[in-house]
Structures are given as structure tokens and as C-alpha cells.
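**Student:** Sharing a structure, written as C-alpha cells. Questions coming.
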Amino acid sequence: MRPAIPSSRPDTVAILSTLVAFDTTSRLPNAPLIAWIEDYLRGLGVSYSLSRGAEDGKLNLHAILGPQTGGGLALSGHVDCVPVDGQAWSSDPFTLREEAGRLHGRGTADMKGFVSATLAAVPDILAMPLARPVHLFITFDEETNCAGARHLIADVATRGVMPDLCVVGEPSMMTPIVAHKGRLALRATFTGRAAHSSTPARGANALHAMGRAIAHIADEADRFAREGRRAEGFDPPHTTTQAGLAQGGMILNIVPEHAMLELEWRPVPGDDALAEFAKLRDTLQPLHDALHAHGPECGIAYDVTCDLPPLDLPPDSHLADIVRQVTGSNATGRVSYGTEAGIYQHAGLPTIVCGPGDIAQAHKPDEFITREQLARCDAFLNAMIRKLCVSP
């Protein structure tokens with residue numbers, strides 16, 4: 092049953108309670124939550140556009156407040172969240188629970204808190220004399236491959252309503268973040284030929300091939316740490332790579348026919364993860380050829396599962412300057428995790444990360460955001476819109 096739209100103007104915490112109640116774990120559709128937002132916006136007389144991904148029930152929402160044009164400011168947040176499976180929660184993760192000013196629930200910090208603040212601000216925004224529009228970007232699947240943001244920004248560009256500037260409200264304790272690392276994730280599937288382990292020459296050991304690939308990836312990780320481009324402000328201040336998941340083999344007395352490896356690069360701005368992938372393929376080509384000699388179906392196949400570009404907004408940009416003024420921050424930060432901001436910047440939309448909550452709470456059991464952080468976000472949104480979208 093869909094939660095009711097409050098009859099009076101809700102505050103940020105009331106909306107957060109509603110959004111948390113929707114289980115929008117990335118493996119599930121987000122359509123029920125988006126339908127609630129549609130009802131909410133329609134009740135305020137706000138029109139919107141939806142864009143879809145490849146999976147049924149996965150939707151983005153783009154609303155424009157004020158002039159129905161491009162330009163102005165976009166406020167962007169995702170509504171999918173990570174699973175709670177296997178986590179020890181003190182209460183139902185999909186029921187907002189308050190304790191000592193902390194609001195606990197899955198997605199409160201990452202990042203339904205920011206989305207709730209933007210929705211709560213809509214009535215006030217509509218009452219402002221807007222000379223430039225305020226765009227709401229609400230996306231799916233940020234926690235997996237950021238497909239939602241790619242669909243949304245392509246749709247916005249096609250319709251000719253690209254904003255001038257964008258704030259992605261990932262949890263940063265309301266500190267402006269001008270740069271983050273990218274992420275390229277890859278699945279490599281090794282196919283050999285099975286044989287009895289007493290006669291290994293009659294087979295092709297996919298697990299051995301994968302092991303040699305893992306050893307090379309470990310060497311590359313050491314090389315990045317030792318010789319890689321330095322980008323101070325990141326922790327660590329260089330590109331990283333790792334083999335994060337490996338599977339293979341069935342029983343010990345059979346030469347493994349199949350093996351699977353998942354790996355990633357997290358490049359600092361200026362490094363090219365796709366170029367590193369190309370180098371890896373070249374290095375592993377002899378392993379592919381050795382497997383392929385046992386049959387046309389044998390070898391190494393690659394599948395890119397996530398390609399997230401870095402964010403690199405100049406610290407002296409107009410957007411960074413405005414966000415520093417509004418937040419009262421004297422500095423800007425850099426972080427090693429990725430966000431949708433890199434996708435928007437890559438599409439030509441200057442973007443910064445600034446939102447309520449602590450990234451240290453993201454993905455954890457008993458995830459929380461504080462009332463104080465939400466109040467700061469409410470004030471931030473009001474000030475940003477008045478500075479950038481209201482005529483002097």
C-alpha cells in the first residue's frame with residue numbers, strides 16, 4: 092500500500108520517514124517510490140519527466156521548477172540503496188527510528204536525506220520569484236553501475252534542458268567536494284578444458300590462468316603505489332587496482348574448466364582506467380592464447396560492469412566559490428569514492444558534491460543521519476537557489 096501524501100506541508104524528516112519505508116535496494120524496482128514522488132509533485136502542480144533503464148521498474152525522475160527551460164541549478168540524488176542482508180540492525184532498517192537526534196534507517200545518509208530535503212523545499216522554491224529554473228534529478232542504480240544517471244543526463248540533453256550547474260548531495264557533512272576518483276569495474280571469465288587431475292596435460296586449467304592474472308594485478312597495485320601519478324588530497328593519493336572477487340573449480344580431482352575474476356581500478360583525475368584495461372588485455376593475451384589453443388570456446392572474455400569517470404571541478408570555479416560562500420567552508424575536499432557527479436561533469440555539466448550526513452555511515456548497519464545535518468542542508472538549498480536562480 093502506497094504511503095499517503097501528507098495534507099499539510101511536510102518537513103524534511105517527515106518525507107525521509109516515507110522514503111526510508113520503501114525498500115529500494117538496487118536489486119529491486121524503485122518504481123513504487125518514484126510513484127509516491129510523482130503524486131507529491133502533482134499535488135503541488137509540478138510537472139516532471141521520467142526516463143527508464145533496461146530493467147523493468149527502474150525509473151529516473153526529472154522535474155523543473157520555475158521557467159521550463161535549461162539553465163539554472165540541478166539538485167541530484169539517487170534513491171537506491173545497498174542491501175541489509177547479513178547486517179545486525181537494532182531495529183527495522185526500513186522504519187525510521189530516532190534516537191538522540193540521530194535518524195536511523197537504510198539510506199538515511201546515502202542518500203535519501205538529501206532527496207527528502209529537496210522535496211521538502213519544493214513549496215518554498217515555487218513561492219520564489221525564479222528567474223532561472225531549479226531542476227530535480229532523482230536516479231536509480233547509483234549503488235551498482237550508475238546506469239540511472241547516464242540515462243537521465245542523456246534524456247535531459249536530448250530534450251535541450253541541460254542545467255548550468257549541479258549539486259550532487261552525497262554525504263559530505265555539508266563540505267564542498269570538488270574531485271573524486273573514478274571507477275572501472277571488470278569481470279574476466281576464464282574458460283579452459285576439464286580433465287582428470289591425474290592427467291592435467293589433457294586439460295587447460297582456467298584457475299591457473301586466473302591465478303597468473305591475479306598476480307599481475309597485485310604487481311600493478313604495487314606499481315601504482317610506488318610510481319603512480321600523485322594527486323594530493325586523495326587517500327591514497329594515487330590510482331589503485333585490486334582483484335576483489337574470484338571463483339573457480341568444482342572438485343579437487345578435476346582440472347578447472349571455468350574461473351571468474353572481478354577487478355577494479357579507481358583512477359585519480361588525469362589517469363585513464365580504460366587505457367589500463369587495454370594494457371591488462373595485452374599483458375594477458377598469452378594466457379588467452381594458451382587457453383584458446385584447446386578449443387575455440389576457450390580463452391578469456393571481458394565484461395565491463397561499471398565505468399564511472401572521475402570528478403575534477405576546478406577549486407576556483409564559480410560553482411565551488413558559491414558553495415564555499417553558502418556553507419561557510421574555507422576549503423574544498425577530494426574523496427576516493429565515486430559518485431554520479433563524474434558522469435554529469437563528463438556530459439558537460441559543471442558539478443560539485445555537497446550533502447548532509449557522514450559517508451562513514453553509508454552502507455553500515457544502523458545507518459543514520461542527524462537532524463542537525465538535515466537542518467543545515469535545508470538552509471543550504473534555500474541559500475543556493477536564492478543566489479543562483481532568483482533575480483537580484
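Numbering-wise, the sequence shown is residues 92 to 483 according to this note's numbering. Ideal placement from N, C-alpha and C gives every residue a C-beta, glycine not left out. Quantities reported herein were computed from a predicted structural model and do not represent experimental measurements.
So does the stretch 212-228 actually touch the stretch 180-194, counting three or more Cβ pairs closer than 8 Å?
**Tutor:** Cβ pair count under 8 Å is below three, so no.
**Student:** Does DSSP put glycine 144 in a helix, a strand or coil?
**Tutor:** Correct three-state label for glycine 144: coil.
**Student:** Can the beta-carbon of alanine 165 be found closer than 8 Å to that of glycine 448?
**Tutor:** No, Cβ-Cβ distance for alanine 165 and glycine 448 is not below 8 Å.
**Student:** Kindly give me the distance between the Cβ atoms of threonine 41 and aspartate 469, rounded to whole angstroms, as I take these residues to be in contact under 8 Å.
**Tutor:** Not covered by the structure: residue 41. The range shown for the chain is 92 to 483.
**Student:** Counting along the chain, where does the beta strand (DSSP E) carrying serine 207 start and finish?
**Tutor:** Here serine 207 belongs to no beta strand (DSSP E); instead the alpha helix (DSSP H) covers 204-218.
**Student:** Buried or exposed: where does methionine 341 fall if 16 or more other Cβ atoms within 10 Å of its Cβ makes it buried?
**Tutor:** The residue is exposed, with fewer than 16 neighbouring Cβ atoms inside 10 Å.
**Student:** Using the beta-carbon count (16 or more within 10 Å), is aspartate 171 buried or exposed?
**Tutor:** Its Cβ being crowded by 16 or more others within 10 Å, aspartate 171 is buried.
**Student:** What is the C-beta distance between glycine 144 and isoleucine 268, in whole angstroms, given that I count them as a contact (C-beta under 8 Å)?
**Tutor:** Glycine 144 to isoleucine 268, Cβ: 26 Å. No contact.
**Student:** Leaving aside the five residues before and after asparagine 151 along the sequence, list all residues of the same chain whose C-beta is less than 7 Å from its C-beta, in chain order.
**Tutor:** Cβ neighbours of asparagine 151 beyond the five flanking positions: Leu141, Ser142, Ile229, Thr230, Phe231, Gly239, His242, Leu243.
**Student:** Could you tell me the alpha carbon to alpha carbon distance between aspartate 439 and alanine 366, rounded to whole angstroms?
**Tutor:** Contrary to the premise, residue 439 reads as glycine rather than aspartate in this sequence. Glycine 439 and alanine 366: Cα-Cα distance of roughly 22 Å.
**Student:** Just to confirm, are methionine 265 and phenylalanine 471 a CB contact at a threshold of 8 Å?
**Tutor:** Contact: yes.
**Student:** Restricting to Cα atoms, I'd like to know which of Ala300, Gly335, Ala306, Leu410 is closest to alanine 392.
**Tutor:** Nearest option by C-alpha distance: Ala300.
**Student:** Alpha carbon to alpha carbon, what distance is there between serine 288 and histidine 153?
**Tutor:** Distance between the alpha carbons of histidine 153 and serine 288 is about 58 Å.
**Student:** Specify, as a first and last residue, the run of the alpha helix (DSSP H) that leucine 465 falls within.
**Tutor:** Counting along the chain, the alpha helix (DSSP H) containing leucine 465 begins and ends at 462-480.
**Student:** Note down, one range per segment and in chain order, each alpha helix (DSSP H) of at least 4 residues found wholly within the stretch 103-134.
**Tutor:** Complete alpha helix (DSSP H) runs here, min 4: 103-111, 122-134.
**Student:** Assuming the contact rule is C-beta atoms closer than 8 Å, histidine 271 and isoleucine 155 should be a hit. Round their C-beta distance to whole Å, please.
**Tutor:** Going by Cβ atoms, the distance from histidine 271 to isoleucine 155 rounds to 27 Å, so no, they are not a contact pair.
**Student:** Counting only runs of 4+ residues fully inside the stretch 387-438, write out the alpha helix (DSSP H) ranges in chain order.
**Tutor:** For the stretch 387-438, whole alpha helix (DSSP H) runs of length 4 or above, ordered along the chain, are 409-418, 432-437.
**Student:** Quick one: grab the DSSP three-state call for threonine 280.
**Tutor:** If DSSP states are grouped into helix, strand and coil, threonine 280 belongs with the strands.
**Student:** What residues in its chain sit with their C-beta under 8 Å from that of isoleucine 308, if we drop five residues either side in the sequence?
**Tutor:** Result list for isoleucine 308: Thr332, Gln333, Ala334, Leu354, Leu371, in chain order.
**Student:** Considering just the uninterrupted stretch of the beta strand (DSSP E) at glycine 339, what are its terminal residues?
**Tutor:** Looking at the DSSP string, the run of the beta strand (DSSP E) that includes glycine 339 is 331-339.
**Student:** For a test of the three-state rule: what should DSSP assign to phenylalanine 325, helix, strand or coil?
**Tutor:** Here phenylalanine 325 sits in coil by DSSP.
**Student:** Could you compute how far the alpha carbon of leucine 135 sits from the alpha carbon of alanine 218?
**Tutor:** Going from the Cα of leucine 135 to the Cα of alanine 218 covers about 11 Å.
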